[in-house]
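When you number the sequence shown by my numbering, it's gap-free, plus one each residue, and the end is 249.
So the structure is just underneath, and the comments pick up after that.
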Amino acid sequence: MLVAKQYRCTHSAHCICIKGHLSEDALFLVFQHLNWNPRLIAVMSCVCKWFDEIAKRVLWKEFCLARAPKMMLDLQSFGSHNIDGNWKALGKLLIYCTGSTKGGLFNNLSIPGHFVYRTRFSRTSGKSLLMPQCRNDVLYVSDPCEHLDQGDEGDIGFFRGIFKSFSVSRVKRMLIDKGAKFHPTEVCPYCKAKLWSMLQAKMIPRSASCRLGSYDEYVEYFVCLNGHMLGVCTLLPLSDSEASEVEA
Ligand SMILES: [Zn+2]
Ligand SMILES: [Zn+2]
Ligand SMILES: [Zn+2]
2 MLVAKQYRCT HSAHCICIKG HLSEDALFLV FQHLNWNPRL IAVMSCVCKW FDEIAKRVLW
62 KEFCLARAPK MMLDLQSFGS HNIDGNWKAL GKLLIYCTGS TKGGLFNNLS IPGHFVYRTR
122 FSRTSGKSLL MPQCRNDVLY VSDPCEHLDQ GDEGDIGFFR GIFKSFSVSR VKRMLIDKGA
182 KFHPTEVCPY CKAKLWSMLQ AKMIPRSASC RLGSYDEYVE YFVCLNGHML GVCTLLPLSD
242 SEASEVEA
């Protein structure tokens with residue numbers, strides 16, 4: 002057994018681990034063995050602040066590295082400093098499609114959020130969502146999560162993503178230069194930070210709808226202060242969109 006040291010839980014009076022905690026190393030090995038199972042990480046962080054802190058600092062990070070190693074390597078490489086402390090948010094972004102609540106970000110849509118088994122994130126797709134003068138920014142974006150036959154709205158796709166080094170990105174500077182306003186009520190579903198509407202800021206290029214296989218030019222997306230993004234588009238009927246497949 003690896004349970005060497007025990008640390009008394011001094012954070013939460015109601016913690017079940019009154020007699021002390023496992024060592025961090027032991028916990029690491031247990032979760033490694035569980036393949037960084039996100040549900041179990043989430044359950045465990047509810048035990049007490051001690052577990053929550055380790056989940057945020059270590060376990061969600063390992064989860065992200067295991068699920069999307071190349072993307073994480075890139076996000077962490079030179080000049081990227083806004084990711085530490087946000088591993089939990091990023092972990093959720095990898096596996097959770099937020100859907101939409103009526104009266105929320107995407108007005109008329111009411112589609113419940115849900116976990117996604119596996120999603121591909123692409124830098125190339127990200128580029129097509131950026132204005133030409135912002136294309137040096139790095140944005141990873143998911144393939145649209147398809148929600149078909151949404152009544153009058155037709156076929157809907159939700160996509161989500163993250164900017165590398167958002168704090169020093171062109172997009173952020175442009176939003177600020179334009180004096181773009183934050184959404185008055187809604188916050189980022191991943192980190193609770195305030196959101197800018199890229200549609201309102203007129204910063205969604207035409208290339209976005211082509212890349213996403215959308216028509217009608219209905220593409221809308223939001224970016225939060227920490228560089229998470231989420232958006233929605235209408236999807237073309239399948240027969241037409243087959244030609245628009247993208248590479249990673
Ligand atoms: Zn505890
Ligand atoms: Zn979805
Ligand atoms: Zn966020």
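Even for Gly, the Cβ is constructed at its ideal location relative to N, Cα and C.
Since the model is a prediction, treat every value here as computed from it, not as a measurement.
Unbroken alpha helix (DSSP H) stretches of 4 residues or longer found wholly inside the stretch 92 to 173: 124 to 129, given in chain order. Contact annotation: the stretch 182 to 198 touches the stretch 226 to 234, with at least three C-beta pairs closer than 8 angstroms.
Excluding residues up to 5 positions away in sequence, Tyr191 lie with their Cβ nearer than 7 angstroms to the Cβ of Lys93 in the same chain. Per the coordinates, the alpha-carbon of Leu28 lies some 19 angstroms from the alpha-carbon of Arg68.
Under the 8 angstroms Cβ criterion, the stretch 153 to 165 counts as touching the stretch 125 to 145, having at least three qualifying pairs. Within the same chain, Cys192 and Asn227 come within 7 angstroms of Asn87 by CB-CB distance, once the 5 residues on both sides are set aside. Tyr191 has its CB nearer than 7 angstroms to a heavy atom of ligand 3. At least one heavy atom of ligand 3 lies less than 7 angstroms from the C-beta of His229. Secondary structure at Pro185: strand, using DSSP grouped into helix, strand and coil. At least one heavy atom of ligand 1 sits closer than 7 angstroms to the Cβ of Val48. Here the alpha carbon of Asp138 sits roughly 26 angstroms from the alpha carbon of Leu236. With contacts defined by Cβ atoms closer than 8 angstroms, Ala209 and Lys179 do not form a contacting pair.
The beta carbon of Ser198 lies closer than 7 angstroms to those of His184 and Phe223 in the same chain, with the five residues before and after it left out.
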